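Notes follow once the structure below has been shown.
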Amino acid sequence: MEITFDKHSLIIDGKREFIRSGSFHYFRTPGAELAKDRFMKMKAAGYNTVEIYFWWKYHSEKQGEYNFSGIKDVEKVLQAAKDVGLYVISRPGPFINSEVSAGGFPLWLIKDKDVIPRNRIGTEYHYSEKYMEYITEWYDKIIPIINKFDNVILFQIENEYANDEMDETYMRKLYDMARERGIKCPIFHNDAAPWGLWADVVDIYACDTYLYINPNQNWRKDCFCFDTLDNLECVFECKENSPSFIAEMQAGWFDKWDGSGYEHIRKDLSDEHINIVTKTALSQGVTLFNHYMCAGGTSWGNIACDEVYTSYDFTAPISEYGVLEDNYFKVKEINYFLKSFGFTNTESSDETAVQEEEGIYSKLRKDNENNCNWLFLRNLNEESKTIKVLDKYESLIKPYDMKICPVNLKLYACEIEFSDIEIFARLKNDKIETVFLIADENTYMYLSNGDKISGNKKDFDNLKFEEDDKITQFVFLTRELSKKTWINNERVIFNADYVAKDDTIALKKSAEISYFDLKHGFSRNSFKVKPQINHTITLKNLDVSFCAPEIDTDYDYSKWKKIECSEFDSLSCGLSDEFTFYKGKIPNNISEITLSARHLFAVYVNGKEILSRNSYKIEKLQQVSETIQIHLDKKVLNKEENELTILVENLGFDKGFSGETNYPRGLVTFETTPKYDVKFSVNEKLSIERGDNRESESPYLAKITGHFDVKFREDEIFSKYLYLKNFPYRRASIFLNGVKIGRYIKRANVQDKFYLINEFLKEHNTIDIVVWQKARNIHGSWDFKNEMKNVIIEVGDEIRYQLF
Amino acid sequence: MIVPEFLLKKIYQKGTLKKDDNGVSFELKNILGPGFISGFNFVQINEKKFEADAVIFVTDGTEIKGTDVTEENPLKFRLGQKGTIKIADNTCIKEGSNKIIIEIMNPEAGKVTVKFEDTI
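Protein sequence lines, in the order shown, are assigned to chains A and B.
If you want the numbering used here, it's the position in the first sequence, counting the first as 1, plus 802.
If you want the numbering used here, it's the position in the second sequence, counting the first as 1, plus 67.
Encoded structure:
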């Protein structure tokens, strides 16, 4: 495949292509089957490209060792994209951000004192030979895999990178390293903001555009946040003869531990945001966009950076569960339109089409391919506006809506002078064209023959024009039906919840499906969905056991790793898991312990809890470290030699966007008064993860176990959730068949429903929930155990489709 | 977000540093992107540091006291918008080269420190 480009667009094998891409994280949606499901949903929405970050740490837990097997088999993911018919934008970092722990770097890398991640300390440039040497190792592994696939059309180096003086050495080396390893497609970098950085280093300049990064801000009211997007064409002038490329165009936003919840963000953005952002970018001549994220995912295991919780739904068009959301249907509408008209060769027109008015944005673009103009109209006022267009027509634009209106569009048998009836899609052969339009009572189409067509129509209302043996047919669809309308290989399928690549129809309930193609016209078929049994169950017969034998005084930790140095943090100890246990002995003359730990921790002396604390605190966007002093007395230190256990839960490493990826985690500082050199031994992971299922005497960590069955059927697709209904406990880790699939923190109040990732589901399933409770919330071990057996754990279907 | 120093320096409008009987003033222009200022932490002119209560910011014809700009009451600062910082002290500035540091807060980027030099 030959990929070239000019100032208008990418050119693939000599043909201009509009790149309609969406981001997908294979590590957050594990397994080739799930990847294929999401890719098919993308393809069904008219995307032609998937953007994939390749995450270094996911494949390399130890220096020199790489794992590309099982769910880490990226070749299978790339093959799935190819099978579905999607191009790939490859982004192997080395730094990827994407709210993953340490921004994508392996922990062995950031632990190495000779490595300066990204050749940067703070904002200052410091070249690190060792860092470059390790990148060579990564590129040597990942690029040969990428090179096996000819559907990879773009390659990104680094991500959102800058340094004070903009030293180019690092970026130029990355570029050369990619080329030396056989990358043939254009190389780009993703600028963190439209600043024009690194335009001289890469082939195509690209940038992020996020105008909603603060859920407390009202993006509708603060319409000044469009300042950059509305002037994007000027930004892309930084690179001559390069098409306008938004490498991350906002399609949603991530929520944080201290955030407002995905429900709030989804409601706030609705489908209006993606409509306006995407169309504004189009009005600025963008011909390559990548919706970030297109498919949400799950930060299972230790994927997440400390900022985000388990769900990485991102309010994406395809949710974490694979559900098609409102913004999906809006994107489908835009993509179908773009696919119908190409949109790869347009120029900004100087003609004034609309008089300036507060909250109204307009832009006219000349289309050299369709020999017409497109008028973009946007209304950011809270009320509908009637706009005088081209001194001749009136167009009513609803609040927070944006339209692409054809001007002087010559069709086979008629010419549209102006229309604000939105075009959904066009199908055509040499003689016939059918244009599907969205019915809307306040819209009109003006034809050059003087006809004025009202958009006030019902489903399938149609008009036909004939001229010189050619036919143009307009078919109207209501907005509701347009959502359930799918175009696949020049065939239109109406009233289906979803249509997969091979025309498999997915339905939630029985429906009458209509079909249309240019050769056969319309036809119909009925499909009956089998009655659904209630798929929501409450787990019964729960087992409860105390699962932290490490806290017990008779626990043998002689085989644990002994810390010889004075640095206790997890990286210094060579540990990488979320949970770290520290054990050591202290004499009875200690009056005080002073410590800081990231992020949640508890201190136990002789098997009894003396402190349990959540040290995760954000102030002014920065994590605040806290140092805690614990007073000890003879009641606590009741032996000559006392056993100290500290358990620390690390919520992930800094993602490295504003901070440093190697900020310490685990036990960061530890001192005693009077000074005593505690010889700590350490171990990571919870006991159940280490296969140590011994019952403990201490009740602080308790495991609730339940079971459920799943029936897999060839003719169904589904996704399931686990709901901790009114869960009374403050912290928990959730395991599905031994795989950690979620973190729960009651105080954060952001997530109590977790995706039971299909890849980890079996016919017979075990759920383990490890609850980490404070001593004061435990009223007697026996009572506590019995009380826990009554928690409500629901397992249900988030979606279930029957396939036909 | 890490904003490179060379870009931050461009926020300062070179040649606008002025001294008069009332104090010192200089101009800023937002060349980075639309956003909010959620706090003026300090302005330092040579060795002298002025906390938010000593900083006046004039933009869009409005005079705003540094302490009035907070996380709860952030100030819109549009792309291309200009503003003048005023400090009611003219002893901090000298003839020749002057070093100035401004530290402001942005709800998304956190602390933003702009350092520059100019002469009067």
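Yeah, the Cβ is synthetic: ideal placement off N, Cα and C, and Gly gets one too.
On a predicted model such as this, the values are computed, not experimentally measured, just so you know.
- Residue pairing of residue 1051 (chain A) in beta bridges, as defined by DSSP: A:1011 and A:1093.
- Burial is judged here by how many other beta carbons sit within 10 angstroms of a residue's own beta carbon; residue 169 (chain B) has at least 16 and is buried.
- No Cβ-Cβ contact shorter than 8 angstroms links residue 1393 (chain A) with residue 1446 (chain A).
- In the three-state reduction of the DSSP assignment, residue 1455 (chain A) falls in the coil class, being assigned neither a helical nor a strand state.
- Here residue 1375 (chain A) carries a coil assignment [DSSP, helix/strand/coil].
- Distance check between residue 99 (chain B) and each of B:187, B:123, B:124 and B:176 places B:176 closest, using alpha-carbon atoms only.
- Comparing alpha carbon positions, the residue from B:117, B:148, B:118 and B:135 closest to residue 101 (chain B) is B:148.
- Residue state for residue 1490 (chain A) is assigned as helix, using DSSP reduced to three classes.
- Under the Cβ distance rule, residue 143 (chain B) counts among the residues neighbouring chain A, one pair being separated by less than 8 angstroms.
- With distances taken between CA atoms, residue 849 (chain A) lies nearest to A:840 out of A:855, A:856, A:840 and A:894.
- Scanning its chain for C-beta atoms nearer than 7 angstroms, with the 5 sequence neighbours on each side dropped, one finds around residue 874 (chain A) the residues 860 and 861, in chain order.
- Residue nearest to residue 845 (chain A) within the set A:1412, A:1428 and A:1133 is A:1133 (criterion: CA-CA distance).
- The beta carbon of residue 1027 (chain A) falls within 8 angstroms of a beta carbon belonging to chain B, placing the residue at that interface.
- Using a 10 angstroms sphere on the CB of residue 1207 (chain A), the tally of other CB atoms reaches 16 or more, which defines it as buried.
- Proximity of residue 73 (chain B) to chain A, defined by a Cβ-Cβ separation below 8 angstroms, is satisfied.
- The beta carbon of residue 1266 (chain A) sits closer than 7 angstroms to the beta carbons of 1273 and 1275 from its chain, once the five residues preceding and following it are set aside; these are given in chain order.
- The alpha helix (DSSP H) runs lying completely inside the stretch 1545–1597 of chain A and spanning 4 residues or more are 1583–1590, given in chain order.
- Three or more Cβ pairs closer than 8 angstroms define a contact, and the stretch 1100–1120 of chain A falls short of that threshold against the stretch 1231–1240 of chain A.
- Ranked by Cα distance from residue 1453 (chain A), the first of A:1443, A:1400, A:1406 and A:1303 is A:1400.
- Between residue 1318 (chain A) and residue 1294 (chain A), the beta carbon gap of about 4 angstroms places them in contact (Cβ cut-off 8 angstroms).
- DSSP, reduced to helix, strand and coil, places residue 1509 (chain A) within a strand of the structure shown.
- Of the other Cβ atoms in all chains shown, 16 or more fall within 10 Å of the Cβ of residue 1575 (chain A); this residue is therefore buried.
- For residue 1274 (chain A), the enclosing beta strand (DSSP E) starts and ends at 1272–1279.
- The stretch 1503–1516 of chain A makes no contact with the stretch 1542–1551 of chain A; the number of CB pairs closer than 8 angstroms stays below 3.
- For residue 1030 (chain A), the closest Cβ of chain B is nearer than 8 angstroms.
- Cβ contact annotation for residue 1184 (chain A) (same chain, cutoff 6 angstroms, sequence separation greater than five): 1201, in chain order.
- A direct Cα-Cα distance of roughly 25 angstroms separates residue 882 (chain A) from residue 1310 (chain A).
- Residue environment for residue 1220 (chain A): buried (at least 16 other C-beta atoms within 10 angstroms of its C-beta).
- Residues of the stretch 1452–1475 of chain A with a Cβ closer than 8 angstroms to any Cβ of chain B, in chain order: 1459 and 1460.
- The Cβ of residue 997 (chain A) sits closer than 8 angstroms to at least one Cβ of chain B.
- For the set A:1441, A:1450, A:1344 and A:868, the Cα lying nearest the Cα of residue 1380 (chain A) is the one of A:1450.
- Here residue 1517 (chain A) is not near residue 1425 (chain A), since their CB atoms are 8 angstroms or more apart.
- Taking one beta carbon from each stretch, the stretch 979–989 of chain A and the stretch 101–115 of chain B have fewer than 3 pairs nearer than 8 angstroms; the two do not touch.
- With respect to the C-alpha of residue 1043 (chain A), the residue from A:1253, A:1004 and A:1306 having the closest C-alpha is A:1004.
- With contacts defined as CB atoms closer than 8 angstroms, residue 1217 (chain A) and residue 1249 (chain A) qualify as a contacting pair.
- Burial of residue 828 (chain A) is indicated by the presence of at least 16 other C-beta atoms within 10 angstroms of its C-beta.
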